[in-house]
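Q: Shown below is the structure under consideration.
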Amino acid sequence: MGASGAGFVRYINDGTLFNVSDFQSNIKSNFGLNEEEMFSYVYAVLNSRDYKKLYANDLQKNLPRIPLLKHKEKYVQIGKKLAELHLHYEEQPIWDGVEVDISKPDYRVKKMKHPKKGVLDTIIYNDSITIKNIPERAYDYVVNG
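Rendered as structure tokens:
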């Protein structure tokens, strides 16, 4: 979705890709990527911190422009892994050592908090759920950032 809230259709009823024909032929001629690889490449580029930082002002006003980068195979590989993680995040294994204590299955959140200021390895989700032994590196991930 763009900043204006306008959505984009990936496929039309006849199964063809919409709004990417020029880009698709450009990618095929310059990189030799098929549709799935192209999607993974674009997904990786759009999720790149460097890309978002470099084009932050443009991304607020215009549709994203996709640069043609040198290491295409790496971006395709990263894009596939990232899409898999984003699509199937609920099936990912819990990190070693992380404990989720659930006294009763109540997932409503009033206010998540840490037990004390500066104690970041535990999150009190609500009165029924506590997550313990959270690795420090988990805080490096920023949602939509």
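Take the sequence shown: its position 53, counting from 1, is numbered 94 in the numbering used here, and each next residue is one higher. We put the beta carbon where it would ideally sit given N, CA and C, even for glycine. From a predicted model like this one, the values you see are computed outputs, not experimental measurements.
1. Please tell me whether V117 and Y82 are closer than 8 Å, where the distance is taken between their beta carbons.
2. Mind checking whether K113 and L87 have CB atoms under 8 Å apart?
3. Check whether the Cβ atoms of Y84 and L110 lie closer than 8 Å to each other.
4. Should Y130 be labelled buried (16 or more other beta-carbon atoms within 10 Å of its own) or exposed?
5. Beta-carbon within less than 8 Å of S169's beta-carbon, same chain only, minus the 5 sequence neighbours each way: which residues are those?
6. Let me know the secondary structure DSSP gives Q122 once reduced to three states.
7. Only counting the same chain, and skipping five residues up and downstream in sequence, which positions put a Cβ closer than 8 Å to that of R106?
8. Name, in chain order, the residues that DSSP records as bridge partners for K154.
9. Figure out for me which residue from Q133, K158, T171 and I135 has the closest Cα to the Cα of V150.
10. Taking the DSSP output, what are the residues bridged to E140?
11. From L126 to S70, what does the alpha carbon distance come to, in whole angstroms?
12. Measure the Cβ-Cβ separation of K173 and D162 and say whether it is below 8 Å.
A: Walking through what the data contain:
1. Numbered from 1 along the sequence shown, position 76 holds the residue referred to as residue 117. Numbered from 1 along the sequence shown, position 41 holds the residue referred to as residue 82. Cβ distance < 8 Å, so V117 and Y82 count as in contact.
2. Position 72 of the sequence shown, counted from the start, is the residue given in the question as residue 113. Position 46 of the sequence shown, counted from the start, is the residue given in the question as residue 87. Their beta carbons are not under 8 Å apart, which means K113 does not touch L87 by this criterion.
3. The residue labelled residue 84 in the question sits at position 43 within the sequence shown. The residue labelled residue 110 in the question sits at position 69 within the sequence shown. Against a cut-off of 8 Å, the Cβ pair of L110 and Y84 comes out as no contact.
4. The count along the sequence shown starts at 1 and reaches residue 130 at position 89. By the 10 Å Cβ count, Y130 comes out exposed.
5. Against the sequence shown, residue 169 aligns to sequence position 128. So the list reads I143, S144, K145, P146 and D147, once near-sequence residues are dropped.
6. As a first step, residue 122 must be located in the sequence shown, where it is residue number 81. Here residue 122 turns out to be Lys, not Gln, going by the sequence shown. Helix.
7. If you number the sequence shown from 1, residue 106 lands on position 65. So the qualifying residues of the chain are Y96 and D99.
8. As a first step, residue 154 must be located in the sequence shown, where it is residue number 113. For K154, which the question treats as bridged, DSSP gives the partners I165.
9. Translated into the one-based positions of the sequence shown, residue 150 becomes position 109. Ranking the options by Cα distance to V150, first place goes to T171.
10. If you number the sequence shown from 1, residue 140 lands on position 99. Its beta-bridge partners are K173.
11. To locate residue 126, count along the sequence shown from 1; it is residue 85. To locate residue 70, count along the sequence shown from 1; it is residue 29. Rounded to the nearest angstrom, the two C-alpha atoms are 29 Å apart.
12. For the purposes of this step, residue 173 is taken as the residue at position 132 of the sequence shown. For the purposes of this step, residue 162 is taken as the residue at position 121 of the sequence shown. Cβ atoms of K173 and D162: closer than 8 Å.
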